[in-house]
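Structure first, commentary second.
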Amino acid sequence: RDHYGNKKTVGARFSRSGSGGPPGYHITAAWLLLPSATVCATMLPLRPSAATTTLLLSLLLLVMMPAVRTACTGPLGLASGEILDWQISASSVYPTAWDAGCHMRYARLHQPNGRAWCSGRKVAGEWLLVDLGVPAKVTGVITQGKGDNKEWVTTYQVSYSMDAYVWHYVRDHYGNKKVLSGNTDSHTPRHNYIVPPVLSRFIRIHALTWHSHPSLRLELLGCQECKQVVSEGVQVRVTASSHLSWNKRKSCEPHEVALLSHRAWCAKRKKKHQWIQWDLGPPHRITGIITKGRGDTRRRHWVQSYTLTYSNDTVIWYTYKDTNHLDAKVFMGNLDKDTERRHYFNEAFTARFVRINPKHWHQAIALRAALLGCPHEGDCGQRFFRVSPDMPCVENLAWSGRTWVNDIRHQWSGWHYGRAGLAVDGSMNTSLPRCAVLDNFSVDEPVWMVDLGTREDVKGLIIITWQGESQDNQTLYRDYVFGLDKLSVFVELRPRLTELSENKECGTVTRLNNAVFKERVHVECPQPIRGRYVYIRGTGVANRWHRLFSIVLCEVQVY
């Protein structure tokens, strides 16, 4: 429903060509229905032919309801190979000279028969360790024996750690180290739950008893959210200290740093103090990094070592260091141009801006890379907000923007009370002295404007209003506010306009069902409007006994 509690009507623009695609292609429009549903509509030709002019409109409703807790029982990457060989270690390994099928890298579920991890000693407590890279919620274990041999583990214990130094055991009801039942043959998978689940980065499987020899293939089950690529997306912007110029044969521009690019970012200068930087938009939790060399030339260009710095404002920068280390962590880079080199951080960090600073390189500074992590949970931080509580953080385009009001009083140097800039200062304090106050004492329709700094595609805005609570309840402004009839929002290309174009109107909220007086007023543009200046215009109730009305804007957030 809309602001007024009525059934919401959404619109779309369809075309058979241009931005909608050539004839014969389907066209899809999507709308975001706050707080938690999306609708898609698809238009298809009735008879796909050049002469056909009749169109069939088919609606596919995709309703994404509030997130439902999904099962946390997926494989964590041993069988698939997502967990790399270097992430698997053991207390001992049976010599491969005696059995080539015994190696830590073969400790993966469904490896070919004859392959498994085999301990070097027949001693209870021998262990296999898996580094999951970033913390995961581990809910279960699947084990197998050594496929073509009569070797398997019959009982085992599980321990876990966040740092590989302090370890804890999975325990039973009585607080004792829990003994889990293993396999009864060499090939049938055996599943065990870990109850309650454990949050951990490192997992050890300790073999207690076995048949013939402690041999094991393994998969860990659970979920691991903070391991996705976060350096590629609509909001991400990539810049660099320098880059080689583009030509039709190759490209070295900053955006070519993407891991799946066939090219790379290449620094213009072969010297230190070069960098590549990601602006992730909303702050993210960063847990790891992947690097590769240059892909579009026969020349062998890659970065051999680098450091990382991060910031939330590009003014104060922090250098990544491991715990209890004073010096910057130097990450080892690549040994060739095509192989991925992956690092998981012992200390994850939260940042908006992340830089790679190459230290050593092969022939030239060239790099493809990706940052791993997840969106930051909780407060979005300065310059960002959530359109609704269950949505990700988006940038507030209006934050700290230059403001203007068409009332000459606001242009006086001594005018401080209710000044226009208070609506974009980032403060969510809704007491009257912290809000911008407009009225129609000097103008018929007061207009407030904010400069976004650059032209943007504005999709909507949130207005946090004053509610006249506590000591604010005694002010005359409380009565004046109720003289407001509606607020209209416009997106224009020029500043300080006294006449606003109707075709640049984003939306209007009226006093119907008290919509304009709600604490949080959301105005959505039917279609994104490109512009640099956002205007809010107030209109009073016609024929009211008292002509004066007020607008109190505590915060305006534009997206």
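According to UniProt numbering, numbering within the sequence shown proceeds without interruption in unit steps and concludes at 559.
All C-beta atoms in this analysis are idealised placements derived from N, C-alpha and C, irrespective of residue type, glycine included.
{"Check": "Environment of residue 205 [buried if 16+ CB atoms lie within 10 Å]", "Outcome": "buried"}
{"Check": "Length of the line joining the Cα atoms of residue 428 and residue 353", "Outcome": "24 Å"}
{"Check": "Cut-off 6 Å between Cβ atoms - residues of its own chain near residue 202, not counting five sequence neighbours on either side", "Outcome": "131, 161 and 164"}
{"Check": "Residue(s) in a DSSP beta bridge with residue 368", "Outcome": "292"}
{"Check": "Cβ neighbours of residue 453 in the same chain (closer than 7 Å, five flanking residues each side left out)", "Outcome": "401"}
{"Check": "Bridge partners - residue 223, DSSP secondary structure assignment", "Outcome": "137"}
{"Check": "Between the CA atoms of residue 533 and residue 492 - distance to the nearest angstrom", "Outcome": "5 Å"}
{"Check": "Of the listed residues 498, 424 and 115, nearest to residue 577 (C-alpha basis)", "Outcome": "It is not possible to answer for residue 577, since the shown part of the chain is limited to 1 through 559."}
{"Check": "Cβ shell of residue 582 (< 8 Å), same chain only, five flanking positions each side left out", "Outcome": "The question about residue 582 has no answer here: the residues shown for the chain are numbered 1 through 559."}
{"Check": "Residue burial classification, residue 256 (beta-carbon count within 10 angstroms, cutoff 16)", "Outcome": "buried"}
{"Check": "Beta-carbon spacing of residue 559, residue 459 below 8 Å", "Outcome": "yes"}
{"Check": "8 Å Cβ cutoff met for residue 129 and residue 92", "Outcome": "no"}
{"Check": "Among 359, 338, 324 and 449, nearest to residue 368 - alpha-carbon criterion", "Outcome": "338"}
{"Check": "C-beta atoms of residue 180 and residue 155 nearer than 8 Å", "Outcome": "yes"}
{"Check": "Touch test, the region 276-293 against the region 336-351, Cβ-Cβ under 8 Å, three pairs minimum", "Outcome": "yes"}
{"Check": "Rounded straight-line distance, which links the Cα of residue 186 to that of residue 350", "Outcome": "45 Å"}
{"Check": "Cα-Cα separation between residue 86 and residue 78, rounded to whole angstroms", "Outcome": "12 Å"}
{"Check": "Buried versus exposed, by CB contacts within 10 Å (16 or more), residue 184", "Outcome": "exposed"}
{"Check": "Residue 86 - DSSP class collapsed to helix/strand/coil", "Outcome": "helix"}
{"Check": "Supposed contact pair residue 365 and residue 258 - C-beta distance, whole angstroms, cut 8 Å", "Outcome": "Wrong, their Cβ atoms sit about 17 Å apart, outside the cutoff."}
{"Check": "Cβ neighbours of residue 159 in the same chain (closer than 6 Å, five flanking residues each side left out)", "Outcome": "167, 169 and 204"}
{"Check": "Three-pair Cβ contact test at 8 Å for the region 269-281 versus the region 320-337", "Outcome": "no"}
{"Check": "Where residue 67 falls, given that 16 or more other Cβ within 10 Å makes a residue buried", "Outcome": "Because residue 67 carries a pLDDT of 41, less than 50, the predicted location of this residue cannot be relied on, and no value is offered for it."}
{"Check": "Contacts around residue 212, its chain only, beta-carbon distance under 6 Å, and the 5 residues preceding and following it disregarded", "Outcome": "150 and 151"}
{"Check": "For residue 423, three-class secondary structure by DSSP", "Outcome": "helix"}
{"Check": "Residue 226 to residue 322 span [Cα, whole Å]", "Outcome": "19 Å"}
{"Check": "Reference residue 264; option with closest CA among 370, 407, 196 and 310", "Outcome": "370"}
{"Check": "Helix, strand or coil at residue 94 [DSSP, three-state]", "Outcome": "coil"}
{"Check": "Beta-carbon contacts of residue 299 that lie in its chain and below 8 Å, excluding the five residues immediately before and after", "Outcome": "363 and 364"}
{"Check": "Counted within 10 angstroms of its Cβ, other Cβ atoms place residue 408 as buried (16 or more) or exposed", "Outcome": "exposed"}
{"Check": "Own chain residues within Cβ distance below 6 Å of residue 111, not counting five before or after", "Outcome": "217"}
{"Check": "Option nearest residue 123 by Cα separation, candidates 72, 153 and 296", "Outcome": "153"}
{"Check": "Endpoints, beta strand (DSSP E) assigned at residue 417", "Outcome": "Per DSSP, residue 417 belongs to no beta strand (DSSP E) and is neither H nor E."}
{"Check": "Pairwise C-alpha distance: residue 7 and residue 546", "Outcome": "33 Å"}
{"Check": "Where residue 444 falls, given that 16 or more other Cβ within 10 Å makes a residue buried", "Outcome": "exposed"}
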